[in-house]
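Peer 1: Protein sequences appear in the order of chains X and F.
With this note's numbering applied, the first sequence has no gaps in its numbers, which climb one by one up to 262 at the end.
With this note's numbering applied, the second sequence has no gaps in its numbers, which climb one by one up to 1262 at the end.
Protein chains: 2
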Amino acid sequence: MTKPLILVTNDDGIVAPGIRVLVEIASEMGEVVVVAPDSPQSGQGHAITIHDPLRLKKVNIFPGVEAWECSGTPVDCVKIAKHVVLKDRQIALCVSGINHGTNASINILYSGTLSAAMEASVENIKSIGFSLDDFSFDADFKPCRPWVQRIMQYALEQPFEGGKLLNVNIPKLQADQILGMRICRQADARWVENFIEGHDPSGQPYYWLTGEFINEDHGEDTDIWALRNGYISIVPSMHDLTDYKSIRGLKGLSLLSAEQHL
Amino acid sequence: MTKPLILVTNDDGIVAPGIRVLVEIASEMGEVVVVAPDSPQSGQGHAITIHDPLRLKKVNIFPGVEAWECSGTPVDCVKIAKHVVLKDRQIALCVSGINHGTNASINILYSGTLSAAMEASVENIKSIGFSLDDFSFDADFKPCRPWVQRIMQYALEQPFEGGKLLNVNIPKLQADQILGMRICRQADARWVENFIEGHDPSGQPYYWLTGEFINEDHGEDTDIWALRNGYISIVPSMHDLTDYKSIRGLKGLSLLSAEQHL
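(1) According to DSSP, X:H83 sits in a beta bridge with which residue or residues?
(2) Whole angstroms is fine: what's the gap from F:G1249's alpha carbon to X:S233's?
(3) Taking the alpha-carbon of F:I1019 as reference, which of F:V1075, F:E1119 and F:I1061 has the nearest alpha-carbon?
(4) Does the beta carbon of F:E1031 sit closer than 7 Å to a beta carbon anywhere in chain X?
(5) For X:E259, which residues in the same chain have their Cβ closer than 8 Å to its Cβ, ignoring the five residues on either side in sequence?
(6) Tell me which residues of the segment 52–66 of chain X have at least one Cβ-Cβ distance to chain F shorter than 7 Å, keeping chain order.
(7) In whole angstroms, give me the CA-to-CA distance for F:S1115 and X:W191.
(8) Roughly how many angstroms separate the alpha carbons of F:I1151 and F:G1045, rounded to a whole number?
(9) Taking any Cβ of chain F, which residues in the segment 178–198 of chain X have a Cβ under 9 Å from it, in chain order?
(10) Go through its chain and collect everything with a Cβ distance to F:Q1149's Cβ below 7 Å, but skip five positions before and after it.
(11) Let me know the secondary structure DSSP gives X:L7 once reduced to three states.
(12) If distances are taken between C-alpha atoms only, which option among X:E28, X:K79, X:M29 and X:P4 comes closest to X:P37?
(13) Which runs of the alpha helix (DSSP H) fall wholly inside the segment 1078–1156 of chain F and span at least 4 residues, in chain order?
(14) Under 7 Å between C-beta atoms, does F:P1236 make it to chain X?
(15) Please name the residue, chosen from X:P146, X:S254 and X:I14, that lies closest to X:G72 on a Cα-to-Cα basis.
(16) Output, in chain order, the set of chain F residues within a Cβ distance shorter than 8 Å of X:I48.
(17) How should X:P236 be labelled, buried or exposed, when 16 other C-beta atoms within 10 angstroms of its C-beta is the threshold for buried?
(18) F:H1218 touches chain X at which residues, Cβ-Cβ below 7 Å?
(19) Taking the continuous alpha helix (DSSP H) assigned at F:G1018, which residues delimit it?
(20) May I ask you to report which of helix, strand or coil DSSP gives F:P1201?
(21) Taking three-plus beta-carbon pairs below 8 Å as touching, is the segment 124–132 of chain X in contact with the segment 87–106 of chain X?
(22) Quick check: what's the CA-CA separation for F:L1262 versus X:W147?
(23) Please check if any C-beta of chain X sits within less than 7 Å of the C-beta of F:T1242.
(24) Terminal residues of the continuous alpha helix (DSSP H) containing X:R276?
(25) Which term fits X:D12, buried or exposed, when burial requires 16 or more other beta carbons within 10 angstroms of its beta carbon?
(26) According to DSSP, simplified to helix, strand and coil, what is X:S237?
(27) Note down, in chain order, each residue of its chain lying with its Cβ closer than 6 Å to the Cβ of X:G58, except the 5 sequence neighbours on either side.
(28) Ignore the nearest five residues each way along the sequence and tell me which others in X:Y231's own chain have a CB closer than 8 Å to its CB.
(29) At the 7 Å Cβ level, is F:S1105 part of the contact set with chain X, yes or no?
(30) Determine the direct distance from the alpha carbon of X:Y110 to that of X:A16, and round the result to whole angstroms.
(31) Run down chain X in chain order and give the residues with a C-beta less than 9 Å from the C-beta of F:D1011.
(32) List the residues of chain F that X:K251 touches, going by C-beta distances under 9 Å, in chain order.
(33) Could you round the C-beta distance between F:I1048 and X:G43 to whole angstroms and report it? I think they count as a contact, below 8 Å.
(34) Verify the CB distance criterion: does F:H1083 have a CB-CB separation below 7 Å to chain X?
(35) Given a cut-off of 7 Å on the beta-carbon distance, is the pair X:D221 and X:A187 in contact?
(36) Give the residues of chain F in contact with X:D38, contact being defined as C-beta atoms less than 7 Å apart.
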């Protein structure tokens, strides 16, 4: 039996410790190919590179595993992996991460980790974005391992039943403190921005984005609730952004056009 | 009565002809403030700038209209507009575009134009992304004008009834050939990538992203159908990416965790 082909990527860059965990776990389950950014790409969202060429370089970072670093965004990495590196071979699973820092709630929009996974789902590939709620470079990924292993195994064995992308966030806890996994919805939270204002060495003003994450969604079925209560959150997510509930309410707008010649 | 405050942005950059159309129309309806990228930002998706400072410069481009160019992405522009330029004043409407090129279907993910509008919707601001199905710099925006005017007026007067972001795409047709507006869902289409491979002057290989847009969604309720049949497409869109239909099917995964101690 041929082993399933697993594509591994991330947004923290190919040398970030988090991706190594995914490579090691994936290697026990299938043939692994890594295509990841050659530099940190946090906050790149679903950006793609269209005005510049991309560079792709084979690297020997993970023993026995084919790995490539790419100059582009996380989404670029998935595109170039599928079409250049893997020449349209069938990919059984794409895993992205483990991100250093949570990507729960609205962060799915800003996250390169999740956008890479979403790009794979657009390409009809099962995909999972993993994030640990710890921003530090030397975050302890050991408690994540059995859970990541379990979720990846499930994804390889089971159909996702409609959802093709899982947004998995893991709380910063010891292994025996993690209470389990919860299937959640995305919390309706957001960032309240703040800009640090300063002046550069030549006296010109600059603004540096920072902010505070605000969750006013008190539902107990959200990813934020799960994380704050000791659970791993799993949100099945999708790339159809249509707000179906609003279609009917807007019919008045479409009728306007029939009423009068413009 | 105070005039409604309208924020105008885009992703083609502040000097692109498409934004001028929005500024002119918005100026007839309210107080207009423009904050737009100082360079083209197509394909930036929901990227934000976290590792570099942003620059913000007042410019005199639109007669009688306050305008700022920003060094960041379209999403950065909305964030800095709200919190630095407008100091959290109430924004009645954010309009983004008119993009030179369509942003129907899956392009909502890649588009800086739509991501800027979506960022405004995350901030609880009504917002509309406008795109014309014509990539050329000297695209003729005249046929768009009465429709854009109509849709913006509607947005200012009516609640969106649940949806806060409209993705509006306009076909490349003469004014009298446009048949009207249709409220649609996002077509389930995607790009099939192709990479142009070459070598740079020093002999190093590069890969340049290009692709073909493939629509295998034959529904007549999609944005692509509307555009191809002479209609303006309006897709109410949202930033909750939860795939609610898949939550139940994944319960087996969450049960796994209770069954055995990891």
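Glycine included, each C-beta is placed from N, C-alpha and C at the ideal position.
Peer 2: Answer, in terms of the structure:
(1) X:H83 is not bridged to any residue.
(2) 15 Å
(3) F:I1019 has its Cα closest to that of F:I1061, out of F:V1075, F:E1119 and F:I1061.
(4) no
(5) Note on X:E259: pLDDT 46, under 50, position unreliable in the model; no value is reported.
(6) P53, L54, R55 and L56
(7) 15 Å
(8) 24 Å
(9) I178, L179, G180, M181, R182, I183, C184, R185, Q186, D188, R190, W191, V192, E193, N194, F195, I196, E197 and G198
(10) Cβ neighbours of F:Q1149 within its own chain (closer than 7 Å, five residues either side excluded): I1025.
(11) strand
(12) X:K79
(13) You should have 1107–1110 and 1112–1122.
(14) yes
(15) X:I14
(16) G1043, G1045, Y1110 and L1209
(17) buried
(18) Within chain X, no residue comes near F:H1218; the closest Cβ sits about 16 Å away, beyond 7 Å.
(19) P1017 to S1027
(20) Per DSSP, reduced to three states, the secondary structure at F:P1201 is coil, with no helix or strand assignment.
(21) yes
(22) Bear in mind that a pLDDT of 43 at F:L1262, under 50, signals an unreliable position, so the number given afterwards is only what the model happens to contain. Approximately 8 Å between the Cα atoms of the pair.
(23) yes
(24) Since the first residue of chain X shown is 1 and the last is 262, residue 276 of chain X is not available in this structure.
(25) buried
(26) X:S237 carries a strand assignment under DSSP once its states are collapsed to helix, strand and coil.
(27) In the sequence under discussion, the amino acid at residue 58 of chain X is Lys, which differs from the Gly named in the question. The answer, listed in chain order, is W68.
(28) P171, I178, L179, G180, M181 and R182
(29) no
(30) 19 Å
(31) Neighbours of F:D1011 on chain X: none; closest Cβ ~11 Å, over 9 Å.
(32) Per Cβ cutoff of 9 Å: I1183.
(33) 5 Å
(34) yes
(35) no
(36) Residues of chain F passing the Cβ test: none, with the nearest at roughly 13 Å.
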